[in-house]
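Q: One rule links them: number in our numbering = place in the sequence shown (from 1) + 44.
For every residue, glycine included, the Cβ atom is placed at its ideal position computed from N, Cα and C.
If you're wondering where the values come from, they're calculated on a predicted model, not measured in any experiment.
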Amino acid sequence: MKYEWKKTEKNIYGVKQIPKIEDIPAQNFIMIKGSGNPNMEDFSNRVSVLYSLAYSIKMLFKKTIKDEDSEKITDFTVYPLEGIWEEWEGEKADKSKLRYTIMIKQPDFITRDIFEKALEEVKKKKPNNLYDEIVFEVLKEGRVIQVLHIGSYDDEPESFEKIEKLASKMGLSRIGNSHKEIYLSNKNRTAKDKQKTVLRYSVR
Numbered sequence: 045m046k047y048e049w050k051k052t053e054k055n056i057y058g059v060k061q062i063p064k065i066e067d068i069p070a071q072n073f074i075m076i077k078g079s080g081n082p083n084m085e086d087f088s089n090r091v092s093v094l095y096s097l098a099y100s101i102k103m104l105f106k107k108t109i110k111d112e113d114s115e116k117i118t119d120f121t122v123y124p125l126e127g128i129w130e131e132w133e134g135e136k137a138d139k140s141k142l143r144y145t146i147m148i149k150q151p152d153f154i155t156r157d158i159f160e161k162a163l164e165e166v167k168k169k170k171p172n173n174l175y176d177e178i179v180f181e182v183l184k185e186g187r188v189i190q191v192l193h194i195g196s197y198d199d200e201p202e203s204f205e206k207i208e209k210l211a212s213k214m215g216l217s218r219i220g221n222s223h224k225e226i227y228l229s230n231k232n233r234t235a236k237d238k239q240k241t242v243l244r245y246s247v248r
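1) Thinking C-beta only, is Ile207 closer than 8 Å to Ile189?
2) So, do the region 212-232 and the region 150-167 have three or more beta carbon pairs nearer to each other than 8 Å?
3) Identify, in the order they occur along the chain, each residue of the same chain with its Cβ nearer than 8 Å to the Cβ of Thr121, setting aside the five sequence neighbours on each side.
4) Assuming contact is defined by CB atoms lying nearer than 8 Å, are Ile62 and Ile148 in contact in what I supplied?
5) Let me make sure I understand the geometry here. Which of Glu115, Arg248, Lys168 has the alpha-carbon closest to that of Met214?
6) Tell me whether Tyr123 sits in a helix, a strand or coil according to DSSP, three-state version.
7) Under DSSP, the alpha helix (DSSP H) around Gln86 begins and ends at which residues?
8) For Ser217, report the span of its alpha helix (DSSP H) as first-last.
9) In angstroms with no decimal places, state the Cα-to-Cα distance between Ser92 and Ile65.
Structural data, given as structure tokens:
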């Protein structure tokens, strides 16, 4: 049986354009930190190594599971790319000042042992120093407000206004100076006005 996050985790990935308060459980991620303009090569390289490891984990899991029971999970769909973006002081248009952590969620049945074995395998097959910067960690977001943004990344402030209005209405305050983005569309294959991104930040 194949685990499909689109069907089973709709509260996280099936977000609508109307903002909503949600409690996000602790989740496992493979992560890598970075800084600078996301349109530059360094960002693309970090995304590339994350996906290479994510698919290595998927293939290793499939090899270690025997399909003896039709009810047993033997495969899963790789999760979409996600990113935590920190706001920075100074000129907002200066993307070179950005700091971020990009990540790909891992199902609960993927253990740290599987991560470490897959990491060693992918390092041998596709040598890259960036693999040494990837970590396997639990992320606890807790209570959040989230909304689906459809369109260019540059137009995200319009969707964030929806989040802020709901937070104000419910008497909630934002925690920290960062926000989460979940990229449901492949930007290389999707027109800008049709790109789907979940926007989210933690509240109390």
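A: The relevant details are as follows:
1) By 1-based counting over the sequence shown, the position of residue 189 is 145. By 1-based counting over the sequence shown, the position of residue 207 is 163. Cβ atoms of Ile189 and Ile207: closer than 8 Å.
2) no
3) Locating residue 121 in the sequence shown gives position 77, where the first residue counts as 1. Taken in chain order, the residues that qualify are Lys46, Tyr47, Glu48, Trp49, Lys50.
4) Residue mapping note: residue 62 aligns to position 18 of the sequence shown, counting from 1. Residue mapping note: residue 148 aligns to position 104 of the sequence shown, counting from 1. Taking 8 Å as the Cβ cut-off, Ile62 and Ile148 do not qualify as a contacting pair.
5) Counting from 1 along the sequence shown, the entry for residue 214 is found at position 170. Of all alpha-carbon atoms in Glu115, Arg248, Lys168, the one lying nearest the alpha-carbon of Met214 is that of Arg248.
6) Walking along the sequence shown from the start, residue 123 turns up at place 79. In the three-state reduction of the DSSP assignment, Tyr123 falls in the coil class.
7) Numbered from its first residue, the sequence shown carries residue 86 at position 42. It should be pointed out that residue 86 corresponds to Asp in this sequence rather than to Gln. From DSSP, the alpha helix (DSSP H) with Asp86 extends over 85-108.
8) Counting from one through the sequence shown, the residue named residue 217 turns up at place 173. Element bounds for Ser217: n/a, residue is neither H nor E.
9) On the sequence shown, position 48 is the one that residue 92 refers to. On the sequence shown, position 21 is the one that residue 65 refers to. Each residue's Cα considered, the two are about 32 Å apart.
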